[in-house]
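Each residue of the sequence shown is one higher than the last, beginning at 3 in the working numbering.
Notes to accompany the following structure.
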Amino acid sequence: MCFLRVRLLVLFLLASLLLLLTSPLAAQLRLLLQMPFIWQTSAADSIISHDRDGFDVTFRAYDGQQPPSELHHPVPIPATLHHVHLGGTALRPEWLAAREECLRIHPGWKTHTWDDTTANQFVRDHFPNLQDTWNNYPYLVQKVDALRYMILYIHGGAHALPKHDATCAILDLDLVCKRSLEPLRRFDFVAPAAYPAGFSIGMLLSSPKNSFDDLYYPAESNVPPYLVRSARSSEYAYAEWVRGYPALPAFGDVVVACE
C-alpha cells in the first residue's frame, strides 16, 4: 500500500511538472533563459552599423535638426513625441525637466501626453476587442506596457514614460536627450540593444502600423507584474521577434539618465 501511494505521488508530480513545462508562460520563460546564448547570432543582422546601413551610430556626423529626407532617405517615422503617465500621480520635477529638454532639442515635433482618461478613451476607440483585457489588468504597469505598443501601432513616432509608472516607447521620462532623434526617422522601427540580450524599452521609435507592434498580450493572473512584463511585453524581445528590426548597439550618445 505504501509503495502504491509513492508511485501515485511520483506520477502526480511528473504530470504536474509536464503540465508546467508545456504551459505558454513556461515556454516564454525558457526563451528568456536562452536569449543570452542565442542573441548574438540570431539578431546580428538587426544591429545598426555603418558598414551595412551607412549610419553613424555616434550621431557625430549629423546636424541635429537635419531631417533624413535631406539626406535622400525616406522618413517613415512621424516627428511626434508621446509621453505617458498613468496612475494620477504628479510628475516629478526632474522628469518634467528631462521632458522639456527633449522637446527643446526637437523643435517642430508634435507632442502628446497620455493620462488615464485619454488612455482609456484611446483603447475604447482603437482596440475595442482588447477593452476587457485592458480593464482586467491587475497591475498598472501592465496597462502601461500594453498602451506603449497600441500607441506606436496607431500613431507611430516616439514615446516616453516615467520609469516606474510607465514604460512606453522612445524615452523614459528620467532620460535626458543629448542629441536629436531626427536621423533615426529613416528606419521603420528602432530600439536600443540591451545587455546581455534583447532591447531596451526606454527608447523606441516606430512607423504607424508597423508589424513589430502587431502583438496581443492576454491578461495573466497570479503572476508578479514585473515577471509578466519581462516575459510578455517589456525588457526583452525574443530573438525571433526582433530579427530584422533595427537596433542601436547603444544609446549613451543619444540619451542619458537624469540626476
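Quick reminder that beta carbons are idealized off the backbone N, C-alpha and C, glycines included.
Following the continuous alpha helix (DSSP H) through Thr135, name the residue where it begins and the one where it ends. Thr135 -> alpha helix (DSSP H) spans 133–137.
With a Cβ-Cβ cutoff of 8 Å, do Leu157 and Thr82 count as a contact? For clarity, residue 157 is His in the given sequence; the question names Leu instead. In this structure, His157 lies near Thr82, with their beta-carbon atoms less than 8 Å apart.
Sort Gln144, Ile40, Val77, Ile50 by Cα distance to His87 and report the nearest one. Of the listed residues, the one whose Cα sits closest to His87 is Gln144.
Inter-stretch contact at 8 Å, needing at least 3 Cβ pairs: the segment 145–153 / the segment 107–122: They touch, by the three-pair rule.
Which residues DSSP lists as bridging Trp116, in chain order: Partner(s): Val86.
Tell me whether the beta-carbon of Ser208 lies closer than 8 Å to the beta-carbon of Ile50. No, Cβ-Cβ distance for Ser208 and Ile50 is not below 8 Å.
How would you write the range of the alpha helix (DSSP H) that Ala99 sits in, first residue to last? Bounds of the alpha helix (DSSP H) holding Ala99 are 95–107.
Which of the three DSSP states, helix, strand or coil, is assigned to Leu207? DSSP places Leu207 in strand when its eight states are reduced to three.
In three-state terms, what does DSSP make of Ala239? Note that Ala239 scores a pLDDT of 40, beneath 50, so its modelled location is shaky; the value from the coordinates is reported in the next line. Coil.
Could you check the C-alpha separation between Ile40 and Arg7 for me, to the nearest Å? Looking at the two C-alpha atoms, the distance is approximately 43 Å.
Outcome for Val188 when other beta-carbon atoms lying within 10 angstroms are tallied against a minimum of 16: According to the sequence shown, residue 188 is Arg rather than Val. Result: buried.
Across the segment 179–193 and the segment 131–139, are there enough close Cβ pairs to call them in contact, namely three or more that are closer than 8 Å? Taking 8 Å as the limit for Cβ pairs, the verdict is that the segment 131–139 does not touch the segment 179–193.
Classify Ala29 as helix, strand or coil using the three-state DSSP reduction. Under the three-state reduction of DSSP, Ala29 is assigned to helix.
Do Pro38 and Ala196 count as a contact pair if the criterion is CB distance below 8 Å? Not closer than 8 Å, so no.
Measure the C-alpha to C-alpha separation of Thr43 and Tyr151 and round it to an integer number of angstroms. Each residue's Cα considered, the two are about 26 Å apart.
Compute the Euclidean distance between the alpha carbons of Pro95 and Ile153, then round it to the nearest angstrom. So the two alpha carbons sit approximately 25 Å from each other.
Please report the residue range of the alpha helix (DSSP H) in which Val146 lies. In this chain, the alpha helix (DSSP H) harbouring Val146 covers 142–157.
Find out if the Cβ-Cβ distance for the pair Pro194, Phe201 is shorter than 8 Å. Contact flag set, yes.
Rounded C-alpha distance that separates Arg54 from Phe61: For the pair Arg54 and Phe61, the Cα-to-Cα distance works out to about 16 Å.
Return the CA-CA distance between Pro220 and Ala63, expressed in angstroms with no decimal places. Caution applies to Pro220, whose pLDDT of 39 falls short of 50 and renders its modelled position unreliable; the value that the coordinates give is listed next. The alpha-carbon of Pro220 is positioned some 43 Å away from that of Ala63.
Check Ala17 in the structure and name its three-state DSSP category. Ala17 falls in the helix class under three-state DSSP.
Do you know whose CA, among Ala99, Val59, Leu35, lies nearest Val192's CA? It is Val59 whose Cα lies nearest to the Cα of Val192.
Alpha-carbon spacing of Leu98 relative to Val125, whole angstroms: The alpha-carbon atoms of Leu98 and Val125 are separated by roughly 26 Å.
Within the continuous alpha helix (DSSP H) that includes Asp53, where are the two ends? For Asp53, the uninterrupted alpha helix (DSSP H) run begins and ends at 52–55, by DSSP.
Given that a residue counts as buried once 16 or more other Cβ atoms are within 10 Å of its Cβ, and exposed if not, what is Ala28? It is exposed - the Cβ of Ala28 has fewer than 16 other Cβ atoms within 10 Å.
So what's Ala195 in DSSP terms, helix, strand or just coil? Three-state DSSP puts Ala195 in a strand.
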